[in-house]
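A.B. asks: Residue 4 is where the sequence shown starts when you use our numbering, and the numbers rise one by one after that. Below: one structure in structure tokens.
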Amino acid sequence: MNRLFTGSFLAMCFVALALCAPANAHAATDICSTSAVVTSTNAPNGPTILPNIFDPHGPAARMIHDLSWLVLGICGGLFVVVEGMIFYGVIFYRRKKNDKNVADPRQVYGSNPVEIAWTIIPLLIVFVLTLTTVRTIRAIELTEAPEGALQVVVIGHQWWWEFRYIDPSIPGGEVVVANELHVPINRPVWLRLESADVIHSWWVPALAGKMDVIPNHTNHTWFTAETEGLYLGQCAEYCVNQHAGMLLRVIASKPVDFDAWLQTQAAPAVNDMTVAMGRDIFQEYACSNCHTVKGVSDGQFAPDLTHLMSRQTIASGVAPLDPTTLRAWIENPQALKPGCNMPSLQLDTQELNAVTAYLLTLR
Ligand code: CUA
4 MNRLFTGSFL AMCFVALALC APANAHAATD ICSTSAVVTS TNAPNGPTIL PNIFDPHGPA
64 ARMIHDLSWL VLGICGGLFV VVEGMIFYGV IFYRRKKNDK NVADPRQVYG SNPVEIAWTI
124 IPLLIVFVLT LTTVRTIRAI ELTEAPEGAL QVVVIGHQWW WEFRYIDPSI PGGEVVVANE
184 LHVPINRPVW LRLESADVIH SWWVPALAGK MDVIPNHTNH TWFTAETEGL YLGQCAEYCV
244 NQHAGMLLRV IASKPVDFDA WLQTQAAPAV NDMTVAMGRD IFQEYACSNC HTVKGVSDGQ
304 FAPDLTHLMS RQTIASGVAP LDPTTLRAWI ENPQALKPGC NMPSLQLDTQ ELNAVTAYLL
364 TLR
């Protein structure tokens, strides 16, 4: 029976590998699943599209999806044939109760037809899998931005994402946001991936495969979102404490809505004098060392907060962004996201309320 178990185990490993491999076709990885999904209180147009390689919404994801089914089909077929023969042998050729004669069965040596068959068939299978995989990788791994692509720099940080839209037509030439990537539908998006610290991995399964985000090395990847919606993703390379809390959100909208969003983001921060106290505290305390609010501070270590309240989530998608969560986050970030790099500044109640009120005006 040992062989039966070994055979089953190997076959199951093979199928599991086949399931994982196509999604990772062009990047190293360490996980095969994604963590908890956060739903928004302020959802964009269109559905929420879960991280699922079997639900593609763009050309890159679709090529990976098609390859996955081919590999799964071939490997599943092999699994059924091999397991079927093992079970057939075990059930029909086991020693019966009244079997007295336990001599070895007839031994077959050097059968040319059998040897040819079990050489040619696996060769053909490997050949088909190799060719289709290479063709898919070549189609997906572009070395230059597709024509007319929106170009965005993605910077992975422990444990959040920074997105820089660099475009001379934007007032100020650049828009910097965090954790929620807005893109227009039906236009290629070309991402330049960089890391500020350790290796992360960009992965929005419904749009494209994974791509590693490596310190001191620039990677590129691309996708085209075909339908409006919120696409969920996840850092896919273990990057210590809050790896699972490094969620990704891509919001795909009509080009006109995207342009409007970009204009809003390019505008200066709201300067509301009724929350001047909170702004002063923000500037005087350590907040301003890490966070940028255009015209107020220029910290680089943490998310840009110039238009914080235009986002749906806080702490890289870990919780919905609302006044209660925001206040609790400022009071003690470690409670919501243990291990994160934002400290509690031990503000008293009045200071906490003032800073929260100030941030709530940053629309
Ligand atoms: Cu970043 Cu895992």
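Where a beta carbon is used, it is the ideal one built from N, C-alpha and C, also for glycine. As the structure is a computational prediction, the values presented were derived from the model and not from experiment.
Under a three-way DSSP split, which group does residue 130 fall into?
C.D. replies: In the structure shown, residue 130 sits in a helix (DSSP, three-state: H, G or I).
A.B. asks: Rounding to the nearest angstrom, what Cα-Cα distance links residue 111 and residue 119 in this structure?
C.D. replies: Taking the straight line joining both Cα atoms gives about 15 Å.
A.B. asks: Is the beta carbon of residue 246 closer than 8 Å to that of residue 162?
C.D. replies: Yes, the pair counts as a contact, with Cβ atoms nearer than the cut-off.
A.B. asks: Among 51, 366 and 47, which has the Cα closest to the Cα of residue 208?
C.D. replies: With distances taken between Cα atoms, residue 208 lies closest to 51.
A.B. asks: Between residue 265 and residue 178, which are expected to be in contact by the criterion C-beta below 8 Å, what is the C-beta distance as a whole number of angstroms?
C.D. replies: Between residue 178 and residue 265 the Cβ distance is about 6 Å, and since that is below 8 Å, they are a contact.
A.B. asks: In angstroms, rounded to a whole number, what distance separates the CA positions of residue 354 and residue 281?
C.D. replies: Distance between the alpha carbons of residue 354 and residue 281 is about 7 Å.
A.B. asks: In whole angstroms, what separates the C-alpha of residue 155 from that of residue 192?
C.D. replies: Roughly 7 Å between the two C-alpha positions.
A.B. asks: Starting from residue 236, trace the beta strand (DSSP E) both ways and give me its first and last residue.
C.D. replies: Note, residue 236: beta strand (DSSP E), 232 to 237.
A.B. asks: Which term fits residue 220, buried or exposed, when burial requires 16 or more other beta carbons within 10 angstroms of its beta carbon?
C.D. replies: Exposed is the call here.
A.B. asks: If you follow the alpha helix (DSSP H) that residue 71 is part of, which residue opens it and which one closes it?
C.D. replies: Segment 62 to 95, the alpha helix (DSSP H) holding residue 71.
A.B. asks: Considering only the beta carbon of each residue, do residue 54 and residue 236 sit closer than 8 Å?
C.D. replies: Closer than 8 Å, so yes.
A.B. asks: Helix, strand or coil for residue 192 per DSSP?
C.D. replies: Strand.
A.B. asks: Based on DSSP bridge pairs, tell me the residues matched to residue 184.
C.D. replies: Answer by DSSP bridge pairing, in chain order: 253.
A.B. asks: Using only the alpha-carbon positions, how far apart do residue 61 and residue 228 sit?
C.D. replies: Residue 61 and residue 228: Cα-Cα distance of roughly 5 Å.
A.B. asks: Sorry if obvious, but does the Cβ on residue 343 come closer than 7 Å to a heavy atom of ligand 1?
C.D. replies: Outside the cutoff, so no.
A.B. asks: Excluding the 5 residues flanking residue 190 on each side, which residues of the same chain have their C-beta closer than 8 Å to its C-beta?
C.D. replies: Contacts found: 151, 152, 153, 227 and 258.
A.B. asks: What does a CB cutoff of less than 7 Å around residue 217 pick up in its chain, not counting 5 residues either side in sequence?
C.D. replies: Once the five neighbours on either side are set aside, the close Cβ partners of residue 217 are 198 and 202.
A.B. asks: Give the C-beta separation of residue 70 and residue 135 to the nearest angstrom, bearing in mind that I take them to be a contact with Cβ-Cβ under 8 Å.
C.D. replies: Going by Cβ atoms, the distance from residue 70 to residue 135 rounds to 6 Å, so yes, they are a contact pair.
A.B. asks: Give the secondary structure of residue 168 by DSSP, where H, G and I count as helix, E and B as strand, and everything else as coil.
C.D. replies: Correct three-state label for residue 168: strand.
A.B. asks: For residue 315 versus residue 323, is the C-beta distance shorter than 8 Å?
C.D. replies: Contact: yes.
A.B. asks: Tell me, to the nearest whole angstrom, how far the beta carbon of residue 181 is from that of residue 307; I am working on the premise that it is less than 8 Å.
C.D. replies: Their Cβ separation, rounded to whole angstroms, is 6 Å, which keeps residue 181 and residue 307 in contact under 8 Å.
A.B. asks: At a Cβ threshold of 8 Å, is residue 142 touching chain D?
C.D. replies: The structure shown contains no chain D; it holds only a single protein chain.
A.B. asks: Excluding sequence positions up to five away, which residues of its chain have a Cβ less than 7 Å from the Cβ of residue 361?
C.D. replies: Here the set comprises 278, 281, 282 and 285.
A.B. asks: Could you pull out every residue in the same chain whose Cβ sits closer than 6 Å to the Cβ of residue 293, ignoring the five residues on either side in sequence?
C.D. replies: So the qualifying residues of the chain are 302, 304 and 305.
A.B. asks: Give the range of the beta strand (DSSP E) segment to which residue 153 is assigned.
C.D. replies: Element bounds for residue 153: 153 to 160.
A.B. asks: The alpha helix (DSSP H) with residue 291 in it runs from where to where?
C.D. replies: 290 to 293 is the extent of the alpha helix (DSSP H) around residue 291.
A.B. asks: Between residue 56 and residue 81, what straight-line distance do the alpha-carbon atoms span, to the nearest angstrom?
C.D. replies: One C-alpha to the other measures close to 22 Å.
A.B. asks: So if DSSP puts residue 222 in a beta bridge, which residue, or which two residues, is it bridged to?
C.D. replies: 196.
A.B. asks: Report buried or exposed for residue 268, applying the criterion of at least 16 other Cβ atoms within 10 angstroms of its Cβ.
C.D. replies: By the neighbour-count rule (16 or more Cβ atoms within 10 Å), residue 268 is buried.
A.B. asks: Along the chain, where does the beta strand (DSSP E) that runs through residue 206 open and close?
C.D. replies: Residue 206 -> no beta strand (DSSP E), and no H or E assigned at all.
A.B. asks: Sorted by chain position, which residues of the same chain lie with C-beta nearer than 8 Å to residue 38's C-beta, five sequence neighbours on each side aside?
C.D. replies: Annotation note: pLDDT 37 at residue 38 (below 50); position unreliable, coordinate value reported separately. Cβ within range, chain order: 237, 247, 248 and 250.
A.B. asks: Taking its Cβ as the centre, do 16 or more other Cβ atoms sit within 10 Å of residue 90, making it buried, or is it exposed?
C.D. replies: Exposed.
A.B. asks: Measuring straight from C-alpha to C-alpha, what distance separates residue 1 and residue 109?
C.D. replies: This structure cannot settle anything about residue 1, because the visible part of the chain is limited to 4 through 366.
A.B. asks: Determine the extent of the beta strand (DSSP E) in which residue 215 is found, giving its start and end residues.
C.D. replies: 214 to 216 is the span of the beta strand (DSSP E), which, as asked, contains residue 215.
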